Amino acid sequence: MDKHDRVMEIFLNECKEILEEIAPKLLNLEDTPNDKILINDIFRGIHTLKGNANSFGFVKLGEFVHHFEDLLSIYRKEESVLDSSEVDLFIRSFDIVGSVFEYEEEGINGYPQNYYEILGEIKKALNIKESHEQSFEEIVSASSFAHASQERQIVEKMVEHTQYDLKNIDGKKIYEIKLELDSDIYLRGYNHQIFFRLLENLGTIIYSNYIINESVPTLEEFNTEHSYIKALYMYLLSESDEMDILDIFEFIAQEHEVSLSVVELEDIKEIEVQKPINEALQGINESSDESAKEHKSVAKSSIRVESAKLDELFDSIGELVIAQSYISQNEQIRAINNNELNQYLEMLGKSTRIIQSKVMSLRMIPIKDTFLKMKRVVRDVSLKTGKEIELFLSGEDTEIDKTMVDKLSEPLIHLLRNSVDHGIEESAHERISLGKEGCGDIYLSAAHKGSSFVIEIRDDGRGIDTSKILQKAIEKGFAKDNVAYTQDEIINFLFCAGFSTAQTITDISGRGVGLDAVKQSIEELRGKITVESEIGVGTVFRIILPLTLAIIDGLTVRVDNEMLIVPTLSVVESFSPIIKDIHYVKGEGEFINYRGEILPIVRLNKLLALNSSKTEFEYSTFICIDHERGKYIIQVDELLGRQQVVIKSLGVLSNNVKEISGAAILGTGQIALILNTEGVREHLDFEYNA
Amino acid sequence: MNLRDGVLIIDAKSSNDSLESLAKEILLNIEDVKEVIVDDALGVESSALFSLLVSIRKTAPNIAIDFLDKPSINVEGIGIVSLDIRG
Amino acid sequence: MAITQKTTAKTKLTASSAQKYLSFEINEEMYAVEILDVKEIIAMMKFTKVPKMPTFVKGVINLRGLVIPIIDIRVKFELSEIEYNERTTIIIGIVEDSLIGFIVDKTADVLNITQEEMAPPPKFGTAIDTTFLKSMAKTANGVVMIVNLMKIFSESELNSVKQIEKIKDIKTGEEK
């Protein structure tokens, strides 16, 4: 890859990031069209995109975003509220930005569909709006400045200390510039004088407010390598364009958040509202214990790391953990029983765990972005179906392994479409007649439960009619006519390949792939999906996933001379069998009466062909495995314990054994295979059908 | 260090390094300091000065610091400056 | 096809000089693999059996935290199995970016073999299936057969193995 390609890659990535950032903001704008901060954020993203596009010769993209930016900039300044048709234009324009970007990225000739159409709409909107645009002076005179000056001491001070009469600022604007500073700015050569000098070239700084962290130490520990200034607000009276001002900050803008906005003179009162310093200082002494925590609120800086590097790091940590547990469990080392040695062993163990959890956390990201994407999905489906839907999000900050986040989008999109399309009643009228609100509610939530990550998609729709499902299942040959199925078993037919309850194939959820695809994707992530439904009340789809793909919580069991790991997520319980509960059915196999249910028994040593010798049931341990096609029992020789293990792939062998999903290295260095409970179930199903 | 009759005058043109050594000197003579005045006739060189003032206040709350006791002050070359101490 | 192309490319790189090969012994016959395809050699170690594998796949080993499958070349070559001893060696080979261990009776020297010493593999008269052979070299120490690791453990073969296993499954299922 030559340098140009690398730069190009960085650029493309940056553009993608910007696009991803803007998308949810636009949707939020629908709810709060008057949120100027939001519009500003979107504007800034589009502005950067324009700069990037132009510097890389992406003419189509540049042309479009140029006009889009102009349109946004109007709404940014104007006091009028955006209406939904305008937000809609934003969203449609943004879609074009996305597809033009793809055209540019792939080097496709021509223009995406609707490019000119929407560009035309933007230009039209620009013409209208430009004639309406008020001059800044008009806005100033219309604002409550006159009163502010009487009431607000600070404004008086401004007037007093600057030679400007703020009542007559000649078309100049007052900019509020907020600069967030990291604690190591001095080490990086920050010099505030330079900024002040550059800003003075553009206008007059009339006021600056330093936000100093309470954690300033006493003189004993005072250290100028560390900056305690968290943020700096500057108010600049200038006739320059905002971009000229932002340019000054360009070279620190990477690390520090700079925000810029035009101050409504009314807002100046905000400046003045500040605690008298003495009062604040009293607070310092009381809260100095918390000062360590306060560091967190200092602007965060971040670096970008290739995920492959993280994976390598993660692998090495896995080995470190194994080596550490080998050392700590080694009999010979334990036999030394030297106090000092034990102390160091403990220290090693502790640091290893800390490193492991830190590295784990590097891979963890909040589910937020994926959830925000879902807003768009629901919006689109709601428009298409004409059903009014409100989507409620919760637990967006719940963290999950990054590699899983990427794979969650598809199943979530599918389930949400499904909820809107099949879950919510056909019309608001129908809902109202049932005593519900006309608008359908869908709740998308995420939470950590133990070592699992749980996502719920809950709707308040009509619920799943199991009698219809069963009828269909029988028609399709999934179910037998004369068998009594439990509600859960019936609902599970939904996940059979080729099962679709939609009366007509709709554009929304009937795309040939059904819930079976969802289930498959979730299982690939070592997770499972459950459904709860009540007629007339609604349906809940629950996705339960491990927190990470790299580690699994499992029971270590011995089968013959081999160790196996049984994923805890699928274990109901383990128990010593009572012989009289075990029955042998000729031609069918062995079963046990387990809490009133007759469950099949799988002898693991036989299944895995580890040894031909039969272990007597009475000397073995049974583990009940949960599976949506029915629980089953596995017979093992001994249950050794429960532990978290790092999952290793079997590499070239992995596709060959469906009963094994991978391998783990135990503290002793021995390899234990990880049982694939799904594969074992398939084996059972196969035996039954044969 | 410019300390006379309990009045410490800090040169606002001090660099970060001299502010740091100044902090040590002040600490040694903290008993004698009654008041701190910032000489900003030539502007403020480093914003660490502001942190230093807060640090002095934290070490010896009884020392009068002109800069901190008013809600805001006019600093040569910067304009009106106020310090806001927050968590 | 792709395999031969790759080989010529490699050969070109070292066309002027001899190429290095790691030689090993199986059933008292000399074989060799290109040293570029070898990551390291280790003594035979404890391994974990993996169920439902073809007989030549002995299981997996833990090589400093990596789980690596090992295959017994003797079994693959359809020779009689011998008990592993202190001379038994695992050659960790690089096959299509993955590491695979090959169990051999013992390893010998690293040989320099020039292009001139190479001859196409014999069609008959060897104890083993000639499809695993790349070529044959006549060296001072005698005839050395150059083995194609990729062939020994190719993806397609494993897939077919998988199908065989499936058929077996069905059969055993019927028997019940």
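Protein chains in written order, with the numbering used here: chain X, 1 to 690; chain R, 1 to 87; chain F, 1 to 176.
The beta carbon of each residue, even a glycine, is placed where N, CA and C say it ideally should be.
None of these values were measured; they are calculated from a predicted model.
Problem set entry | Between the CA atoms of residue 381/X and residue 409/X - distance to the nearest angstrom | 16 Å
For this session: Starting from residue 217/X, find everything on chain R with Cβ-Cβ shorter than 8 Å and list it in chain order.
Result: 55 and 58
Problem set entry | For residue 576/X and residue 107/F, the rounded distance between their alpha carbons | 50 Å
For this session: Determine whether the Cβ of residue 65/F lies closer than 8 Å to any Cβ atom of chain X.
Result: yes
Exercise. Of all Cβ atoms in chain X, is any one closer than 8 Å to the Cβ of residue 53/F?
Worked result: yes
For this session: Work out the CA separation of residue 387/X and residue 635/X for me, nearest whole Å.
Result: 51 Å
Problem set entry | Identity of the residues DSSP links to residue 29/F by a beta bridge | 26/F
Problem set entry | residue 76/X versus residue 91/X: straight-line alpha-carbon distance, rounded | 16 Å
Exercise. In chain F, which residues lie with their C-beta within 7 Å of the C-beta of residue 663/X?
Worked result: 60 and 67
Exercise. If we count the other Cβ atoms within 10 Å of its Cβ and call it buried at 16 or more, is residue 81/R buried or exposed?
Worked result: buried
Problem set entry | Secondary structure of residue 439/X, DSSP reduced to three states | coil
Exercise. If the cut is a Cβ gap below 8 Å, which residues of chain X does residue 98/F touch?
Worked result: 651 and 652
Exercise. Of all Cβ atoms in chain X, is any one closer than 8 Å to the Cβ of residue 16/R?
Worked result: yes
Problem set entry | Unbroken alpha helix (DSSP H) run spanning residue 583/X, endpoints | It is not in any alpha helix (DSSP H) - residue 583/X instead sits in the beta strand (DSSP E) that spans 582–585.
Exercise. Mind pulling the beta strand (DSSP E) runs of 3 or more residues that sit fully within the stretch 66–106 of chain F?
Worked result: 66–72, 89–95 and 98–104
Exercise. Given that a residue counts as buried once 16 or more other Cβ atoms are within 10 Å of its Cβ, and exposed if not, what is residue 392/X?
Worked result: exposed
Exercise. Taking the C-alpha atoms as reference points, what is the distance between residue 42/R and residue 82/X?
Worked result: 49 Å
For this session: Below 7 Å between beta carbons is the criterion; list the residues of the stretch 32–51 of chain F that meet it against any residue of chain X, in chain order.
Result: 48, 49, 50 and 51
For this session: Would you mind giving the Cβ-Cβ distance between residue 362/X and residue 434/X, rounded to the nearest angstrom? I have them listed as a contact below 8 Å.
Result: Wrong, their Cβ atoms sit about 48 Å apart, outside the cutoff.
Exercise. Quick one: Cα of residue 498/X to Cα of residue 514/X, how far?
Worked result: 7 Å
Exercise. Would you call the stretch 60–69 of chain R and the stretch 60–75 of chain F touching, i.e. three or more CB-CB distances under 8 Å?
Worked result: no
Exercise. Can you tell me whether residue 383/X is buried or exposed, with buried defined as 16 or more other CB within 10 angstroms of its CB?
Worked result: exposed
Problem set entry | Coil, strand or helix - residue 326/X by DSSP | helix
Problem set entry | residue 204/X, DSSP secondary structure in three states | strand
Exercise. In the DSSP assignment, what residue or residues form a beta bridge with residue 62/F?
Worked result: 67/F
Exercise. When the Cα of residue 100/F is compared with those of 77/F, 49/F, 66/F and 54/F, which residue comes out closest?
Worked result: 66/F
Exercise. Do the stretch 627–642 of chain X and the stretch 591–602 of chain X touch if we need at least three Cβ pairs shorter than 8 Å?
Worked result: yes
Problem set entry | Within chain R, partners of residue 206/X - CB distance below 8 Å | 79 and 80
For this session: Name, please, each residue of chain F whose Cβ falls closer than 7 Å to the Cβ of residue 648/X.
Result: 67
Exercise. Given that a residue counts as buried once 16 or more other Cβ atoms are within 10 Å of its Cβ, and exposed if not, what is residue 122/F?
Worked result: exposed
Exercise. Any idea what DSSP makes of residue 57/F, helix, strand or coil?
Worked result: strand
Problem set entry | Residue ranges of each alpha helix (DSSP H) within the stretch 388–459 of chain X, 4 or longer | 402–418 and 428–433
For this session: Compute the Euclidean distance between the alpha carbons of residue 640/X and residue 558/X, then round it to the nearest angstrom.
Result: 7 Å
Exercise. Whose Cβ in chain F lies nearer than 8 Å to the Cβ of residue 657/X?
Worked result: 50, 51, 52 and 53
For this session: Given a cut-off of 8 Å, decide if residue 389/X and residue 378/X are closer than it, judged by their beta-carbon atoms.
Result: yes
Exercise. Where does the unbroken beta strand (DSSP E) through residue 589/X begin, and where does it stop?
Worked result: 589–594
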